[in-house]
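Okay, so here's the structure we're looking at.
Protein chains: 2
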Amino acid sequence: MKKLKRSERLVDMTQFLLAKPHTLIPLTTFADRYGAAKSSISEDLAIIKEVFEEEGLGELQTLAGAAGGVRYIPKLSQERALDFVQELCGKLQQSDRILPGGYLYMSDLLGQPSLMNEAGKIIATAFAHRDIDVVMTVETKGIPLAYATAAQLNLPVVLVRRDHQVTEGSAVSINYVSGSHKSIHTMSLSRRALREQSRVLIVDDFMKAGGTIQGMVDLLAEFNAEVAGVGVLVESGAIESQERLLQDYISLACLNDVDARSKMITVRPGNYFQQ
Amino acid sequence: MKKLKRSERLVDMTQFLLAKPHTLIPLTTFADRYGAAKSSISEDLAIIKEVFEEEGLGELQTLAGAAGGVRYIPKLSQERALDFVQELCGKLQQSDRILPGGYLYMSDLLGQPSLMNEAGKIIATAFAHRDIDVVMTVETKGIPLAYATAAQLNLPVVLVRRDHQVTEGSAVSINYVSGSHKSIHTMSLSRRALREQSRVLIVDDFMKAGGTIQGMVDLLAEFNAEVAGVGVLVESGAIESQERLLQDYISLACLNDVDARSKMITVRPGNYFQQ
Numbered sequence: 001m002k003k004l005k006r007s008e009r010l011v012d013m014t015q016f017l018l019a020k021p022h023t024l025i026p027l028t029t030f031a032d033r034y035g036a037a038k039s040s041i042s043e044d045l046a047i048i049k050e051v052f053e054e055e056g057l058g059e060l061q062t063l064a065g066a067a068g069g070v071r072y073i074p075k076l077s078q079e080r081a082l083d084f085v086q087e088l089c090g091k092l093q094q095s096d097r098i099l100p101g102g103y104l105y106m107s108d109l110l111g112q113p114s115l116m117n118e119a120g121k122i123i124a125t126a127f128a129h130r131d132i133d134v135v136m137t138v139e140t141k142g143i144p145l146a147y148a149t150a151a152q153l154n155l156p157v158v159l160v161r162r163d164h165q166v167t168e169g170s171a172v173s174i175n176y177v178s179g180s181h182k183s184i185h186t187m188s189l190s191r192r193a194l195r196e197q198s199r200v201l202i203v204d205d206f207m208k209a210g211g212t213i214q215g216m217v218d219l220l221a222e223f224n225a226e227v228a229g230v231g232v233l234v235e236s237g238a239i240e241s242q243e244r245l246l247q248d249y250i251s252l253a254c255l256n257d258v259d260a261r262s263k264m265i266t267v268r269p270g271n272y273f274q275q
Numbered sequence: 276m277k278k279l280k281r282s283e284r285l286v287d288m289t290q291f292l293l294a295k296p297h298t299l300i301p302l303t304t305f306a307d308r309y310g311a312a313k314s315s316i317s318e319d320l321a322i323i324k325e326v327f328e329e330e331g332l333g334e335l336q337t338l339a340g341a342a343g344g345v346r347y348i349p350k351l352s353q354e355r356a357l358d359f360v361q362e363l364c365g366k367l368q369q370s371d372r373i374l375p376g377g378y379l380y381m382s383d384l385l386g387q388p389s390l391m392n393e394a395g396k397i398i399a400t401a402f403a404h405r406d407i408d409v410v411m412t413v414e415t416k417g418i419p420l421a422y423a424t425a426a427q428l429n430l431p432v433v434l435v436r437r438d439h440q441v442t443e444g445s446a447v448s449i450n451y452v453s454g455s456h457k458s459i460h461t462m463s464l465s466r467r468a469l470r471e472q473s474r475v476l477i478v479d480d481f482m483k484a485g486g487t488i489q490g491m492v493d494l495l496a497e498f499n500a501e502v503a504g505v506g507v508l509v510e511s512g513a514i515e516s517q518e519r520l521l522q523d524y525i526s527l528a529c530l531n532d533v534d535a536r537s538k539m540i541t542v543r544p545g546n547y548f549q550q
């Protein structure tokens, strides 16, 4: 790369850091990249750090010493997170979302990458300082949120299947009871998808009693892996907390009530904002 | 926002543009945001444009006039795309990927958000100037690539399901013949997921004869929607071109041969690089 001026360096360093979250970048990487002194790079980083913090985009961690460098930790400020979730709640309350059986149509929202990325940033903020090896979800609707979260945390995604697929190789299957219907389902995970002792962040789009997520927790036990956290986009508030199979989770929004007769849906910010 | 210096503006404008690809941003948005003159903003944009082009990150389109502004079009340079795909081919050729029946284990690669994002950027580059309303895929393995592509193009994703789900409302179902097994399957799309006349980019992780993608094309006809393009991560080269149901598509990689006995896999860059 040709020698850049400070103004050009700032543009390139910003895109470089944003593209590599949760990755330690030695100052020499930048110094070599731009043919600049480390002291100039440090000054550049100070400017970027200030703007990122001012804008509520996250932290730039600077580590001194030989093994040192800089690491971008994406974080959405509480204020920006709440703005986003209140807008999301507004959309979820649109009365034409009500489906037969009191289900809520959410696929249009789950289909918006920018929305999923923003929600993923909030979950990644909540777990930014937790020791995690991998993000897990079960097909299908939680996949975009799981990837958005994992991208921010710089982690791989492990995908649990409903059926055992030929393209997955040998797999471990378990049965689980879905809380909302008390019916038995199967889920399955490729043996090579997850290392033993992995610390796993479970992400899903919706949680009612938590049967599906409890199924993933049980599956983790088969791999001697550990739950490092649980994050969901929407939880159902129409469930008594003693009926809930899971107590330790974060939710971005809480669906309080769906009244099919009056076509009223009530959604409020989730427990993420009550911590 | 407080008044920023040029150096701070450059950092913030860079992150702002990267976060909003394919979105026209009026210069007044920046001028108001930073309390700066439009002429200063134009100078800032010239610096960002130069760095983006130099780095092969994409174009900054500047539109003059009252309805004008700036638009960031993410594009991966041919050189960076080929580097990426050659690395991908190397990974796909690892002999322990061979599964019974000559299938290839790819879930670990599909599970890496950074890899999917880069592949999505290449597909988005190919279709950057096509008129597209929505990206479509069928569950499950193509979902991350579809979202990565859609995020770069600033488009929503429409997800075709294998079964008709209660959370999708009324749906249109079709049967299709999967080319590789000549077996009949069903796919289904929620009626409210897609507007009539939509122009649709179909994205998937793998294509052999193209039966699944042809199924999506047939489904689009039911919605009076149109195919605007087809992009796949890997195509199978073990198929005669007259057997292929589909001729107009781009692939990033081509799986030439899987020899289960000698444990040899041959993968080369796809037709994207032959244009």
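So the sequences go chain by chain: S and Z. Sequential numbering of the first sequence, starting at 1, is according to our numbering. Sequential numbering of the second sequence, starting at 276, is according to our numbering. Here a beta-carbon is modelled for each residue, glycine too, at the ideal position from N, C-alpha and C. None of these values were measured; they are calculated from a predicted model.
Cβ atoms of S:S77 and S:G102 stay farther apart than 8 Å, at about 35 Å. Note on geometry: alpha-carbon atoms of Z:S473 and Z:I407 lie some 8 Å from one another. Spatial neighbours of Z:K366 in its own chain (CB-CB distance under 8 Å, excluding positions within 5 residues in sequence) are listed in chain order as L384. Counting the other Cβ atoms within 10 Å of the Cβ of S:I123 gives 16 or more, which makes it buried.
Taking 8 Å as the upper bound for CB-CB distance, Z:V286 and S:L10 are in contact here, some 5 Å apart. One thing to note: Z:I540 has its Cβ within 8 Å of the Cβ of Z:I373. Within the model, the alpha-carbon separation for Z:R405 versus S:L63 is close to 45 Å. The Cβ-Cβ distance between S:D204 and S:V177 does not fall below 8 Å. The CB of Z:V433 comes closer than 7 Å to the CB of G111 in chain S, given here in chain order.
At the C-beta level, S:Y105 and S:K20 stay beyond 8 Å of one another. Annotation: the continuous alpha helix (DSSP H) that includes Z:P419 extends over I418 to L428. Each residue's CA atom was taken as its position, placing S:L220 and S:A128 some 21 Å apart. Taking each of Z:A446, Z:S516 and Z:A423 in turn and checking the Cα distance to Z:Q387, the smallest one comes out for Z:A423. Taking all protein chains in view, the Cβ of S:Q214 is crowded by 16 or more other Cβ atoms within 10 Å, so the residue is classified as buried.
Under DSSP, Z:C529 takes part in a beta bridge, and its partners are Z:E510 and Z:R543.
Z:R467 reaches chain S at D96, Y105, S107 and D108, counting residues in chain order whose Cβ is nearer than 9 Å. Contact between S:Y272 and S:S241 is ruled out by a C-beta separation of about 16 Å, above the 8 Å threshold. Here S:D204 carries a strand assignment [DSSP, helix/strand/coil]. Taking the beta carbon of Z:D287 as reference, the chain S residues within 7 Å of it are V51 and E55, listed in sequence order.
Interface with chain Z (8 Å Cβ-Cβ cutoff): S:Y34 is excluded. If you draw a straight line from the Cα of Z:R519 to the Cα of Z:H460, it comes to about 18 Å.
Look at Z:E283: its C-beta is under 8 Å from a C-beta on chain S.
Secondary structure remark: continuous alpha helix (DSSP H) runs of at least 4 residues inside the stretch 285 to 349 of chain Z, in chain order: 302 to 309 and 313 to 330. Legend: CB atoms of the stretch 74 to 96 of chain S lying less than 9 Å from CB atoms of chain Z belong to residues D96. From the listed residues Z:L357, Z:L390 and Z:Q368, the smallest Cα separation to Z:A535 is found for Z:Q368. With a cutoff of 8 Å on beta-carbon distance, S:I41 and S:F30 are scored as near each other.
Between the alpha carbons of Z:L335 and Z:K538 lies a gap of roughly 46 Å. For Z:I322, the chain S residues whose C-beta falls within less than 8 Å of its own C-beta are S7, E8 and V11, listed in chain order. Here Z:L351 carries a coil assignment [DSSP, helix/strand/coil]. Among the residues facing chain S, Z:E471 is not included, as its CB has no counterpart in that chain under 8 Å away. At a Cβ-Cβ threshold of 8 Å, Z:L521 and Z:V505 count as neighbours.
Our two residues, S:D32 and S:A66, have alpha carbons roughly 16 Å apart in a direct line. Taking a Cβ-Cβ threshold of 8 Å, the residues of chain Z close to S:A150 are P388, in chain order. The distance from the Cβ of S:H22 to that of S:L153 is about 6 Å, consistent with a contact at the 8 Å cut-off. About 6 Å separates the beta carbons of Z:K396 and Z:P349, which is inside the 8 Å limit, making them a contact pair. S:T137: member of the beta strand (DSSP E) spanning V134 to V138, first to last residue.
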